[in-house]
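Heads up, the thing below is written out as structure tokens.
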Amino acid sequence: MPAKSFWLMKSEPDECSIDDALAMPRQTVPWFGVRNYQARNFMRDAMRIGDGVLFYHSGCAEPGIAGIGEVASTPYPDATQFDPKSPYHDAKSSRESPRWVLVDVRVLRKTRYLALAELRRHEALADMAVLRKGNRLSITPVTPAEWRYLGTLLGSASR
DNA sequence: GCCAACGTTGGC
DNA sequence: GCCAACGTTGGC
């Protein structure tokens, strides 16, 4: 069995907050709406069930890490791409050959809110992909060292 | 609302 | 294959 990987996944709380995710059956949400190939490829090619996930709130007054979860499914097509009424509709995609896939993410627990501004103050996290200038990727890899360090910051086991 | 960063599109 | 124009992301 390959080693577990770790990911930071951005969600706009207006669309799906950590509380919204916790309110879902089995605290699990399909990570719909990703329309960037690099982020899609992480879900399609690199993620494995059980990988660690930092649930991150973006596009809001105070962005930051809101909880910890895990990858809970293998990749499958994002249904919103086929829905003409969805903002994520993609007319160039087809059911025969879907362009966009997603994974399910299961929230394990809400953490204390670790704001982006605080993340930036930790030297140990200086190389985190999400902190890089101009970063726009909605899914970024987290190194095991960063994951462990964040585990101590968030006051929990960092399994 | 501003704007830097950067991905995508399409003409050539 | 290049690259300018354009659109989007997302922090501030």
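In the numbering used here, the protein residues as written are 34 to 192.
Just so you know, even glycine gets a beta-carbon here, dropped at the ideal spot from N, CA and C.
Treat the numbers as computed from the prediction; the structure is a model and nothing was measured.
Check: For aspartate 52, collect the residues of the same chain with a Cβ closer than 7 Å to its Cβ; drop the 5 residues on either side in sequence, then sort them by chain order.; Outcome: none
Check: What is the rounded straight-line gap between the Cα of phenylalanine 39 and the Cα of alanine 99?; Outcome: 16 Å
Check: Just how far apart, CA to CA, sit valine 62 and lysine 125?; Outcome: 25 Å
Check: Following the continuous beta strand (DSSP E) through aspartate 137, name the residue where it begins and the one where it ends.; Outcome: 137-148
Check: Expressed to the nearest angstrom, what Euclidean distance is found between the alpha-carbon atoms of glutamate 103 and proline 117?; Outcome: 30 Å
Check: For methionine 42, which three-state DSSP category applies?; Outcome: strand
Check: How would you call aspartate 111, buried or exposed, if buried means at least 16 neighbouring beta carbons within 10 angstroms?; Outcome: buried
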